[in-house]
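Number of protein chains: 2
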Amino acid sequence: MTTATIAKPTRKEPKPLHGVKTPELFATINAVAAQPELAKFTWRAKSRWMRGTHTRSTINGYFGAGGEQDRGKDFIADADHTTVLTGDDKGPTPAEWILHGLAACLTAGIANIAAARGIELDEVTATIEGDMDLRGILGISDEVRNGYQGIRVRFDVKGDAPPEKLKQIVEQSCARSAVFDIVTNRTPVTVEVA
Amino acid sequence: MTTATIAKPTRKEPKPLHGVKTPELFATINAVAAQPELAKFTWRAKSRWMRGTHTRSTINGYFGAGGEQDRGKDFIADADHTTVLTGDDKGPTPAEWILHGLAACLTAGIANIAAARGIELDEVTATIEGDMDLRGILGISDEVRNGYQGIRVRFDVKGDAPPEKLKQIVEQSCARSAVFDIVTNRTPVTVEVA
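Chains A and B, in that order, give the protein sequences.
The first sequence begins at 43 in the working numbering and counts up by one.
The second sequence begins at 43 in the working numbering and counts up by one.
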């Protein structure tokens, strides 16, 4: 049932592959299937404006697997506008961070799904780009959207399976990716000001 | 017209404020309004799978303002699944990166709009969180979406204006934010496999 979805079409016993702890992954899926409340996660970031258009976020704790989780370390990330857009280039632009998140989500899924199917990967690279017409965010036109008009992802996947099977892994990753869903569908966002 | 949107309701001459180069920002808006082809941007990231669910992206060049732009430096960013989800925690999860991108986009907008309105900011912090039911991405349920069920952003803004004016700045930032649009609306994504 559960593991069948991710593991199909192999019937091999799960074994660790290319850094993916496949037996633990299957055990996690089975545990969550048996106790759906373990599936409730809340991810968080705290951000602080530095100066100009430069912002720094701290990412660490989250709620999940039935309780508060602390990684024991903070991840720190910067973002800024480019100098071409009068920023100071102290980090990637926010829109570029979305491309990173999308590429990373699809790639992690590819690695997990390949391992679950018993296919060892050698190399996965992606080039991802998104088109934007800045007349939206600059307030010049109300007919142009603020965000990306479209995003293109080009994967190059090398592993011990024919191209068609590698392609199916990428398709399954898209079908189960959190960020692919966030980008391609609507997510409600509430903004409060203290 | 153009500058009116972002600058409203002030009539003051633009001056640099809290690190925002306001005169250059207004000049950029006017230049793009006069030459709309300058508004066409393509943002990019290149990602490489490292091992397990760990991916590393490189962000640098982009197309915009009429030509290819090179920052003269690469930004490097990692992403991974958490150990709770059988990853190795070598970076924030892809879904957390989306929260960072959203917080940073709104914050940069707040800084620019405040400067355009002649309001000096002292401090802007945000806490952002998103709820996810992992039965989607784990393939346990087809009735649960893969992405966030909802995202909450709580801003704390301190500056030389009454709370109502600071709140209006946050609202205007949402109205003109690239990432807010990407998250709250649909973006077409094409995925190719080489």
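Each residue gets a CB set at the ideal place from its N, CA and C atoms; glycine is no exception.
Pair within 8 Å by beta-carbon distance, residue i and residue j
i: I224 (chain A); j: G143 (chain B); result: no
i: G129 (chain B); j: D122 (chain B); result: yes
i: G201 (chain A); j: A157 (chain A); result: no
i: V212 (chain B); j: L180 (chain A); result: no
i: A107 (chain B); j: V126 (chain A); result: yes
i: T84 (chain B); j: E206 (chain A); result: no
i: F117 (chain A); j: G133 (chain B); result: yes
i: A87 (chain B); j: A145 (chain A); result: yes
Cα-Cα separation between residue i and residue j, rounded to whole angstroms
i: T135 (chain A); j: E55 (chain A); result: 44 Å
i: F105 (chain B); j: A168 (chain B); result: 30 Å
i: V195 (chain A); j: P204 (chain B); result: 45 Å
i: N72 (chain B); j: E162 (chain A); result: 53 Å
i: S89 (chain B); j: I152 (chain A); result: 13 Å
i: D173 (chain B); j: N227 (chain B); result: 17 Å
i: D184 (chain A); j: G178 (chain A); result: 6 Å
i: V62 (chain A); j: G160 (chain B); result: 53 Å
i: V166 (chain A); j: F197 (chain A); result: 7 Å
i: R93 (chain A); j: R98 (chain B); result: 27 Å
i: G114 (chain B); j: I101 (chain B); result: 11 Å
i: D164 (chain B); j: I182 (chain B); result: 47 Å
i: L67 (chain B); j: R218 (chain B); result: 15 Å
i: T232 (chain B); j: I193 (chain A); result: 6 Å
i: G109 (chain B); j: P65 (chain A); result: 49 Å
i: V37 (chain B); j: V199 (chain A); result: Because chain B here runs from 43 to 236, residue 37 (chain B) falls outside it and cannot be looked at.
i: M43 (chain A); j: W91 (chain A); result: Annotation note: pLDDT 39 at M43 (chain A) (below 50); position unreliable, coordinate value reported separately. Computed Cα separation, rounded: 47 Å.
i: Y190 (chain A); j: Y190 (chain B); result: 19 Å
i: Q214 (chain B); j: Q214 (chain A); result: 38 Å
Residue range of the beta strand (DSSP E) that includes residue i
i: S99 (chain B); result: 96-101
i: V231 (chain B); result: 231-235
i: D198 (chain A); result: 192-201
i: E185 (chain A); result: Careful: E185 (chain A) lies outside any beta strand (DSSP E) and carries neither H nor E.
i: E165 (chain A); result: 163-175
Nearest residue (CA-CA) to residue i, options the options
i: L176 (chain B); options: A:D131, A:E234, A:Q77; result: A:Q77
i: K82 (chain B); options: A:N188, A:Q214, A:S219; result: A:N188
i: L80 (chain A); options: A:R86, A:A69, A:A236; result: A:A69
i: K3 (chain B); options: A:K132, A:E234, A:Q111, A:N154; result: No statement about residue 3 (chain B) is possible, as the shown extent of chain B runs from 43 to 236 and does not include it.
i: P60 (chain A); options: A:V221, A:I193, A:T149; result: It should be noted that the sequence gives His, not Pro, for residue 60 (chain A). Checked all of A:V221, A:I193, A:T149; the closest Cα to H60 (chain A) is A:T149.
i: Q111 (chain B); options: A:D116, A:T124, A:F117; result: A:T124
i: C216 (chain A); options: B:V221, B:P230, B:A220; result: B:P230
i: A220 (chain B); options: A:W91, A:E66, A:E138; result: A:E138
i: H96 (chain B); options: A:I193, A:C147, A:R113, A:Q191; result: A:C147
i: P58 (chain B); options: B:G109, B:D131, B:N154, B:G103; result: B:N154
i: G103 (chain A); options: B:W91, B:D131, B:G103; result: B:D131
Span of the alpha helix (DSSP H) around residue i
i: D223 (chain B); result: 220-226
i: V212 (chain B); result: 205-217
Legend entry - Ordered list of beta strand (DSSP E) runs contained in the segment 76-153 of chain B, each at least 3 residues: 82-93, 96-101, 104-106, 109-111, 117-121
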